[in-house]
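One structure below.
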Amino acid sequence: MKTTAIVPAAGSGVRLGEATPKQWLEVAGRPLVVHTLERLAACGAVDRIVLVVDDPGRAEAVLGGFDLPKLGPIVPGGVRRQDSVRAGLAAARDADLVAVHDAARPLVTPDLVARVIEVAVRTGAAVAALRVEDTIKRGDEAGLVRQTIDRSGLWRVQTPQVFRTQWLVEAYARADQEDLAVTDDAGLVEAAGFAVTLVPGEAINFKVTTPEDLALARRLLAGSVRVGHGYDVHRLAEGRRLVLGGVEIPFERGLLGHSDADVMTHAVCDAVLGACGAGDLGRHFPDTDERWQGADSLDLLARVKDIAVDRGCRPIQVDVTLMAEAPRIGPYVEQMKANLGRVLGLPPGEVSVKATTTEGLGIIGRGQGMAALAVVVCREES
Ligand code: CTP
Ligand code: MG
């Protein structure tokens, strides 16, 4: 039994009101439609995906950068949704079943797709749908209630909608003859006289239609947050440069270390590594390795960021505190923030640099060294 998914993605998103159609908006680092395609592909029962878009050439260029192994033909759509699905259907006729799923439902789960397909294998036509739980009223243009509707037996229909390919082909042929207009494919299949089975859908599989939906989808697709903590200490010595947050500061002594001993940047590095569970700076850049002799710590931070991003963990905020008796770093703070932000790819508002003395107490108070503490927040990319 071969199943091809048809993904209509040729709408213009009028109700959302963005200049770019919603399916191409970037959400959690990828175009919305990529999330949808990835989730459909993650369903073992889907063999191939036909994508219907406004401009196939441009879509191919955008999607080329993503790993979408089941993606097959990309075909041009039509004016109405049903015209787009018809175009997709023409490229899916060799399949036993077709599973139509809106590009604008990026939170569909592979499990739901599998369940709807499973029912359609038995019945020939199945759609994901939710029972109406709220009371339903009909209102007029002025916002006055005209009627309270009995909600028993009412369902809100979603996609995926899965059909025997032959049934959907027949339903579309009939729709053309009779000039039927519908907002879902099951509507045509019903009109052609086939029985359609309702399969319990999922609330999270909502369609991105309004700005509120988009905000919710962004939050749900953003993944969870991870936090890392870093701490570092370096001894002060004569004849060394003092480099903090990538800024060289005129001072009578500098920090001692294998690299440039930028204690502030090292604390940030360890916090990033901590957030993604990748150990510490010493493990990745051991001081026994000549390559890191005199290294620019901002360069080490860039490498650390790459390690984190490879692990699906992207820094989104950093807060660092320097502990030093002298000098005052106030005049250099903006430059330090700019350096750390540039390397981590963060806007200035997401980088905080501050300093404290230890009131003359301890090794730092006696001016024997400096320490730094950092906290980094990372976003886990889905
Ligand atoms: N769609 C399509 N071709 C059309 C219209 C819609 O492929 N001519 C697709 C949309 O891209 C979307 C799905 O059908 O993935 C559901 O449609 P809808 O939510 O109505 O999207 P839009 O038509 O883009 O939005 P709007 O109605 O607000 O303009
Ligand atoms: Mg529409």
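650 is the number of the first residue of the sequence shown in the numbering used here; add one for each residue after it. Even glycine gets a Cβ: it sits at the ideal position worked out from N, Cα and C. These numbers come from a predicted model, not from an experiment.
Counterpart residues of residue i in DSSP-defined beta bridges
| i | result |
| --- | --- |
| residue 883 | 1019 |
| residue 607 | This structure does not reach residue 607, given that the chain is present from 650 up to 1031, and the question cannot be answered. |
| residue 972 | 1005, 1020 |
| residue 818 | According to DSSP, residue 818 bridges with nothing at all. |
| residue 925 | BP columns for residue 925 are empty, so no partner. |
| residue 965 | BP columns for residue 965 are empty, so no partner. |
| residue 1027 | 875, 964 |
| residue 846 | 775 |
For residue j and residue i, the rounded distance between their alpha carbons
| i | j | result |
| --- | --- | --- |
| residue 795 | residue 858 | 26 Å |
| residue 899 | residue 992 | 23 Å |
| residue 789 | residue 961 | 49 Å |
| residue 687 | residue 925 | 23 Å |
| residue 1041 | residue 882 | Look at the range of the chain in this structure, 650 to 1031, and you will see that residue 1041 is not part of it. |
| residue 973 | residue 874 | 31 Å |
| residue 931 | residue 916 | 12 Å |
| residue 820 | residue 668 | 34 Å |
| residue 636 | residue 867 | As shown, the chain starts at 650 and ends at 1031. That puts residue 636 outside it, with no answer to give. |
| residue 997 | residue 800 | 52 Å |
| residue 957 | residue 909 | 22 Å |
Residue i, buried or exposed, once every other Cβ within 10 Å from all chains shown has been counted against 16
| i | result |
| --- | --- |
| residue 663 | exposed |
| residue 955 | exposed |
| residue 946 | buried |
| residue 855 | buried |
| residue 661 | exposed |
| residue 812 | buried |
| residue 864 | exposed |
| residue 653 | buried |
| residue 798 | exposed |
| residue 986 | buried |
| residue 665 | buried |
Limits of the beta strand (DSSP E) - the one that residue i falls within
| i | result |
| --- | --- |
| residue 786 | 785 to 788 |
| residue 797 | 794 to 798 |
| residue 722 | 720 to 725 |
| residue 903 | 902 to 904 |
| residue 591 | Not covered by the structure: residue 591. The range shown for the chain is 650 to 1031. |
Residue range of the unbroken alpha helix (DSSP H) whose run includes residue i
| i | result |
| --- | --- |
| residue 837 | 834 to 840 |
| residue 1034 | Absent from the structure is residue 1034, since the part of the chain shown begins at 650 and ends at 1031. |
| residue 1014 | 1011 to 1014 |
| residue 956 | 946 to 959 |
Residue-level contact to chain B via CB, residue i, 8 Å cutoff
| i | result |
| --- | --- |
| residue 679 | The displayed structure is made up of one protein chain only, and chain B is not part of it. |
Exercise for review: Could you tell me whether the region 825 to 833 touches the region 724 to 739, where touching means 3 or more Cβ pairs closer than 8 Å?
Suggested key: yes
Practice item. May I ask you to verify whether the region 751 to 763 touches the region 779 to 787, counting CB pairs closer than 8 Å and requiring at least 3? Key: no
Review point. Per the contact definition of three or more C-beta pairs closer than 8 Å, is the region 935 to 944 in contact with the region 885 to 896?
Key: no
Practice item. Decide yes or no for the touch test of the region 835 to 850 against the region 761 to 771: beta carbon pairs closer than 8 Å, at least 3 of them. Key: yes
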